[in-house]
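A.B. asks:
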Amino acid sequence: KNQVEQSPQSLIILEGKNCTLQCNYTVSPFSNLRWYKQDTGRGPVSLTIMTFSENTKSNGRYTATLDADTKQSSLHITASQLSDSASYICVVSAKGGSYIPTFGRGTSLIVHP
Amino acid sequence: KAGVTQTPRYLIKTRGQQVTLSCSPISGHRSVSWYQQTPGQGLQFLFEYFSETQRNKGNFPGRFSGRQFSNSRSEMNVSTLELGDSALYLCASSLESGRTDTQYFGPGTRLTVL
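Line by line, the protein sequences are chains A and B.
Going by our numbering, the first residue of the first sequence is number 351, and it counts up by one from there.
Going by our numbering, the first residue of the second sequence is number 12, and it counts up by one from there.
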């Protein structure tokens with residue numbers, strides 16, 4: 351069964367600090383992995399999309415890494431800001447067959463001043 | 012460019028009724044996907060439409076249906092509403108494929124079933 355597990359479930363950090371969120375998946379065959387940021391009461395916003403051959407992808411202060419061998423991804427946030435407070439969701443899509451993306455439950459990040 | 016718009020933003024219905032939600036994609040985008048988000052299950056894929064055809068469908072009962080018009084606007088319909096259908100319904104548009112292209116989400120429609 352395709353699954354995506356995210357950790358930690360929630361995280362509290364101080365403004366200016368760095369943090370790393372984890373995503374482990376069992377989706378196969380792998381097509382791509384996405385990270386989304388979702389503010390409370392709003393739709394998700396795409397941060398990165400990575401395919402099998404990509405190890406690292408950056409979007410401003412957000413850097414995603416992918417290890418397709420161990421089926422793990424991480425999202426690193428540098429110099430956090432109050433506006434980074436949100437839920438971060440990992441989504442993995444399989445290749446071929448019917449397209450049904452598998453979502454993680456998300457990591458809730460709170461950045462305190 | 013205008014973003015993805017969804018109407019209505021909030022909706023209250025009673026059990027047994029049916030509901031239709033609307034989604035207008037970003038201009039030029041031909042793929043529209045629908046998702047359900049609940050505190051218990053998180054985000055789940057409902058279906059994807061491309062060129063007025065349902066291209067993919069998630070694991071939801073037949074009470075959930077949708078369609079896409081020639082201008083790429085999409086509607087989803089839920090018949091015989093159940094309490095468990097209370098959720099945030101999100102639509103997302105992409106250029107050609109929800110599987111490979113960047114998806115842009117709308118603000119969602121918050122459905123409450125009483």
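Beta carbons are placed, not taken as given, at the ideal position from N, Cα and C, and that holds for glycine.
Since the structure is predicted, the reported quantities are computational estimates derived from the model, not experimental observations.
Give me the chain A residues within the contact set of T113/B, using Cβ-Cβ distance strictly less than 9 Å, ordered along the chain.
C.D. replies: Residue 113/B sits at position 102 when you count from the first residue of the second sequence. Here the neighbours are R384, S396 and I399.
A.B. asks: If G393/A sits next to G119/B, beta carbons under 8 Å apart, how far is it from one beta carbon to the other, in whole angstroms?
C.D. replies: Taking the first sequence and counting its residues from 1, the one referred to as residue 393/A is at position 43. Taking the second sequence and counting its residues from 1, the one referred to as residue 119/B is at position 108. Rounded, the Cβ-Cβ distance is 6 Å, consistent with contact.
A.B. asks: So, do the stretch 69 to 76 of chain B and the stretch 32 to 42 of chain B have three or more beta carbon pairs nearer to each other than 8 Å?
C.D. replies: no
A.B. asks: Inspect the CB distances between the stretch 451 to 461 of chain A and the stretch 415 to 424 of chain A and report whether three or more fall short of 8 Å.
C.D. replies: Touching, no, given that fewer than three Cβ pairs across the two stretches are closer than 8 Å.
A.B. asks: Can you list, in chain order, the stretches of the beta strand (DSSP E) that have 3 or more residues and sit fully within the stretch 14 to 69 of chain B?
C.D. replies: Taken in chain order, the complete beta strand (DSSP E) segments of 3 or more residues contained in the stretch 14 to 69 of chain B are 16 to 18, 21 to 24, 30 to 35, 42 to 49, 53 to 61 and 64 to 68.
A.B. asks: Indicate whether the contact test is met: 3 or more Cβ pairs, each with one atom in the stretch 376 to 394 of chain A and one in the stretch 85 to 93 of chain B, closer than 8 Å.
C.D. replies: no
A.B. asks: Q356/A lies in the beta strand (DSSP E); which residues open and close that run?
C.D. replies: Residue 356/A sits at position 6 when you count from the first residue of the first sequence. Run containing Q356/A: V354 to S357, per the beta strand (DSSP E) assignment.
A.B. asks: Can you look up G77/B in the DSSP assignment and give me helix, strand or coil?
C.D. replies: The residue you call residue 77/B lines up with position 66 of the second sequence. G77/B falls in the strand class under three-state DSSP.
A.B. asks: Straight-line CA distance for D389/A to L125/B?
C.D. replies: The residue given as residue 389/A occupies position 39 in the first sequence. The residue given as residue 125/B occupies position 114 in the second sequence. About 26 Å.
A.B. asks: Inspect the CB distances between the stretch 404 to 420 of chain A and the stretch 353 to 360 of chain A and report whether three or more fall short of 8 Å.
C.D. replies: no
A.B. asks: Drop a sphere of 10 angstroms on the beta-carbon of P36/B, count the other beta-carbons inside from all chains shown, and report buried for 16 or more, exposed for fewer.
C.D. replies: Reading the second sequence from its first residue, position 25 is the one you call residue 36/B. So P36/B ends up on the buried side.
A.B. asks: Sorted by chain position, which residues of the same chain lie with C-beta nearer than 6 Å to T123/B's C-beta, five sequence neighbours on each side aside?
C.D. replies: In the second sequence, counting from the first residue as 1, residue 123/B sits at position 112. Excluding residues within five positions, the ones whose Cβ falls inside 6 Å are I23 and S97.
A.B. asks: Using the beta-carbon count (16 or more within 10 Å), is A13/B buried or exposed?
C.D. replies: On the second sequence, position 2 is the one that residue 13/B refers to. Looking at its Cβ environment, which holds fewer than 16 other Cβ atoms inside 10 Å, A13/B is exposed.
A.B. asks: Suppose you measure from the CA of N82/B to the CA of T25/B; what does that come to, to the nearest Å?
C.D. replies: Here residue 82/B is taken as the residue at index 71 of the second sequence, counted from 1. Here residue 25/B is taken as the residue at index 14 of the second sequence, counted from 1. Taking the straight line from one Cα to the other gives about 31 Å.
A.B. asks: Consider the Cβ of G393/A: report whether some Cβ of chain B lies at a distance smaller than 9 Å.
C.D. replies: Taking the first sequence and counting its residues from 1, the one referred to as residue 393/A is at position 43. Answer yes: the Cβ-Cβ gap between G393/A and chain B drops below 9 Å somewhere.
A.B. asks: From which residue to which residue does the beta strand (DSSP E) around V377/A run?
C.D. replies: Against the first sequence, residue 377/A aligns to sequence position 27. Element bounds for V377/A: n/a, residue is neither H nor E.
A.B. asks: Assuming contact is defined by CB atoms lying nearer than 9 Å, are F116/B and V15/B in contact in what I supplied?
C.D. replies: Taking the first residue of the second sequence as position 1, residue 116/B is located at position 105. Taking the first residue of the second sequence as position 1, residue 15/B is located at position 4. Yes.
A.B. asks: With H, G and I counted as helix, E and B as strand and the rest as coil, what does DSSP make of S433/A?
C.D. replies: The residue given as residue 433/A occupies position 83 in the first sequence. DSSP places S433/A in helix when its eight states are reduced to three.
A.B. asks: Strictly below 7 Å CB to CB, what residues from chain B border Y449/A?
C.D. replies: As a first step, residue 449/A is located in the first sequence; it is residue number 99 there, counting from the start. Correct list: E59, N67, G109 and R110.
A.B. asks: With a cut-off of 9 Å, does the C-beta of A103/B fall near any C-beta of chain A?
C.D. replies: The residue you call residue 103/B lines up with position 92 of the second sequence. Interface residue, yes.
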